[in-house]
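Q: Numbering (our numbering), first residue to last: 58 to 190.
Have a look at this one before I ask anything.
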């Protein structure tokens, strides 16, 4: 199936990929911050593993979502570019998560995570609608 709105589909897919990847990454960072606040703390190697896994999950989620949401676009190159831009947008959202964490701590990070989840739902629905599915 070919979409009648390839630009709208691509833009919504970029948003869906970026927010989905940012949800995975921000969720991992929030989990780390919560574990750091516990009396027992968290080992450095465990913290590094948690951050690495959440970063990898975020990258994979951004690429996979960007690719999957553009299935109605017949050109693989354009689908790949859309997925790549979704990863870059996810990185920008991750930088914003860092700022939120610095200024508002884990509570603000939790609020930012909820905002990302809501944005992800909206962008997924928009991408499906633009693709005609």
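For glycine and all other residues, C-beta sits at the position ideal for the given N, C-alpha and C.
Put residue 96 into one of helix, strand or coil per three-state DSSP.
A: Of the three classes helix, strand and coil, the one that applies to residue 96 here is coil, per DSSP.
Q: Report yes if the C-beta distance between residue 87 and residue 166 is below 8 Å; otherwise report no.
A: In this structure, residue 166 lies closer than 8 Å to residue 87 by Cβ.
Q: In whole angstroms, what separates the C-alpha of residue 81 from that of residue 67?
A: Answer to the nearest angstrom: the Cα atoms are 21 Å apart.
Q: Exposed or buried, which one is residue 91 when buried takes at least 16 other CB atoms within 10 Å?
A: So residue 91 counts as exposed.
Q: Check whether the region 126-145 touches the region 183-190, taking contact to mean three or more Cβ pairs, one atom from each stretch, closer than 8 Å.
A: Contact between the region 126-145 and the region 183-190 is present, because at least three Cβ pairs lie under 8 Å.
Q: Does the beta-carbon distance from residue 184 to residue 75 come in below 8 Å?
A: Taking 8 Å as the Cβ cut-off, residue 184 and residue 75 do not qualify as a contacting pair.
Q: I need the boundaries of the alpha helix (DSSP H) containing residue 176, first residue and last residue.
A: First-last of the alpha helix (DSSP H) with residue 176: 133-188.
Q: From which residue to which residue does the alpha helix (DSSP H) around residue 102 run?
A: Residue 102 -> alpha helix (DSSP H) spans 101-125.
Q: By alpha-carbon positions, which one of 85, 145 and 63 ends up nearest to residue 109?
A: The residue with the shortest Cα to Cα distance from residue 109 is 85.
Q: Using CA atoms only, rank isn't needed, just tell me which of 142, 171 and 89 is closest to residue 102.
A: It is 89 whose Cα lies nearest to the Cα of residue 102.
Q: Just the C-alpha distance for residue 125 and residue 169, rounded to the nearest angstrom, thanks.
A: Those two C-alpha atoms are separated by around 25 Å.
Q: Select from 142, 98 and 158 the residue whose C-alpha is nearest the C-alpha of residue 116.
A: Checked all of 142, 98 and 158; the closest Cα to residue 116 is 142.
Q: What did DSSP end up calling residue 128 once you bin it into helix, strand or coil?
A: Three-state result, residue 128: coil.
Q: Roughly how many angstroms lie between the CA atoms of residue 145 and residue 163, to the nearest whole one?
A: For residue 145 and residue 163, the distance between alpha carbons rounds to 24 Å.
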